[in-house]
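Right, one structure below, let's go through it.
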Amino acid sequence: MIRTDLRYQWASGYSLYALACCALASAAFAVGAYGTARGALTSLHEEWAFLHEEGGYAFTQAIGLDDPTDAPLQDTWHQAGTAMANLHIVQSTVSLLQVLCFVIAPVMFFTYGAVAATRDTYFKTLKFRAVRAGHQTLFVSQIATLVTMVAALTVAAMTLAVLISTGLSWATSGRLDDPLVSVPSDLPVTDLIAPMLALLSTGVFFALLGMGAGLALRRPLYVIPLFSALFFVLPVAGRFDPRNLLMTLAYPHMAFTGGFTPTIPTPVPQVPAALALMTEVLALLAIAYISTTRRSRYT
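The following block contains the structure:
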């Protein structure tokens, strides 16, 4: 049954749309990282030229040493080094995965879960499968299928991030090198595990949340605009940012690198956060299951 649901998910094309969103977002942020590095180097040279011409500031490669004359350029020098480090392959991949996890993944996977689950209910074969296997078996199969697709999308998104980061590193190699900038070394490959698991858990959580909301209200067009408004519009329109509530639960121990620092309130312990997330998802899925069986949608 799960194999049949996977064929429906693949035939629907929603996974390709989600992967295209990840690719576009990753490419956009990679270009932004290159622009940031180039701008940081330009600022460093302009500031040094101003201090050298106007204030007689003279040095060659003293930045970074224990020299009091480095103070005027210390912050700019550190910013340039950090921006250059974001062009490394692993560092850039980690930054892209973190940006996807916080900015793209919630809305994308919520939409995917809501649309894919409700679209599958209109296949006539599912009606016969529900009669033959039962509503409970079909519902569990849809959940397992959704989790499998989210895992596949997570692996594909990480692969795209690695390819984009590799292309960015090769394209900028030798173009932004500067003897005055001390670039930190690249991160170890094992640092990719934490952001990938964070993206996977975020995707599973929001996909199941979207599935439960879409099935409970029968149509995803009712829940997707509301969720998107709560996630993006309210923080811009007012002082209240509902993402802070999300960050308290979903991202209590996430360490962001590459200068991407979202507003995070006081973190909660990991176990209560996980229990709160599981309770929320299970409650919404239970409501969706009860509502679908009472409507007798498949019979």
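Okay, so the sequence shown: first residue is 126 according to this note's numbering, each after it adds one.
Ideal Cβ placement from N, Cα and C applies to all residues, glycine included.
Note that the structure is predicted; figures quoted are calculated from it, not measured.
Relative to the alpha-carbon of residue i, which residue among the options has its alpha-carbon at the smallest distance?
{"i": "Asp311", "options": "Val215, Arg343, Ile415 and Thr243", "result": "Val215"}
{"i": "Tyr347", "options": "Gln223, Gly206 and Ala239", "result": "Ala239"}
{"i": "Val275", "options": "Ser294, Ala242, Ile289 and Gly299", "result": "Ala242"}
{"i": "Thr327", "options": "Ile318, Leu342 and Thr279", "result": "Thr279"}
{"i": "Trp295", "options": "Tyr139, Gly138, Ala148 and Tyr159", "result": "Tyr159"}
{"i": "Thr297", "options": "Gly157, Leu342 and Cys147", "result": "Gly157"}
{"i": "Glu172", "options": "Thr161, Ala162, Asp200 and Thr417", "result": "Asp200"}
{"i": "Thr291", "options": "Pro397, Ala162 and His213", "result": "His213"}
{"i": "Asp316", "options": "Leu169, Leu271, Arg419 and Ser220", "result": "Ser220"}
{"i": "Thr167", "options": "Leu198, Ala145 and Tyr139", "result": "Leu198"}
Can you tell me whether residue i is buried or exposed? The criterion is at least 16 other CB atoms within 10 Å of its CB, across all chains shown.
{"i": "Leu141", "result": "exposed"}
{"i": "Gln261", "result": "exposed"}
{"i": "Gly335", "result": "buried"}
{"i": "Leu225", "result": "buried"}
{"i": "Gly383", "result": "Note on Gly383: pLDDT 43, under 50, position unreliable in the model; no value is reported."}
{"i": "Ile268", "result": "buried"}
{"i": "Arg161", "result": "Residue identity check: residue 161 is Thr in the sequence provided, not Arg. Looking at its Cβ environment, which holds 16 or more other Cβ atoms inside 10 Å, Thr161 is buried."}
First and last residue of the alpha helix (DSSP H) that includes residue i?
{"i": "Phe264", "result": "His260 to Thr297"}
{"i": "Leu122", "result": "With the chain covering only 126 through 424, there is no way to say anything about residue 122."}
{"i": "Ser220", "result": "Ile214 to Val224"}
{"i": "Thr315", "result": "No alpha helix (DSSP H) contains Thr315, which DSSP labels as neither H nor E."}
With a Cβ-Cβ cutoff of 8 Å, do residue i and residue j count as a contact?
{"i": "Tyr237", "j": "Ala155", "result": "no"}
{"i": "Leu152", "j": "Ile229", "result": "Checking the displayed sequence, the identity of residue 152 turns out to be Ala instead of Leu. Not a contact, by the Cβ cut-off of 8 Å."}
{"i": "Ala165", "j": "Ala205", "result": "yes"}
{"i": "Thr218", "j": "Ala286", "result": "yes"}
{"i": "Phe331", "j": "Phe227", "result": "no"}
{"i": "Cys147", "j": "Ala282", "result": "yes"}
{"i": "Leu340", "j": "Thr417", "result": "yes"}
Which whole-angstrom value describes the C-beta separation of residue i and residue j, a residue pair presumed to lie in contact below a C-beta threshold of 8 Å?
{"i": "Gly337", "j": "Ile415", "result": "In fact, because the Cβ distance is near 11 Å, the residues do not count as touching under 8 Å."}
{"i": "Leu222", "j": "Pro320", "result": "4 Å"}
{"i": "Leu410", "j": "Leu342", "result": "Their Cβ separation, rounded to whole angstroms, is 14 Å, which puts Leu410 and Leu342 out of contact at 8 Å."}
{"i": "Val232", "j": "Ser353", "result": "6 Å"}
Between residue i and the ligand COA, is there a pair consisting of the residue's CB and a ligand heavy atom that are separated by less than 7 Å?
{"i": "Leu351", "result": "Only the bare structure without any ligand can be found here, which leaves the ligand COA out of the picture."}
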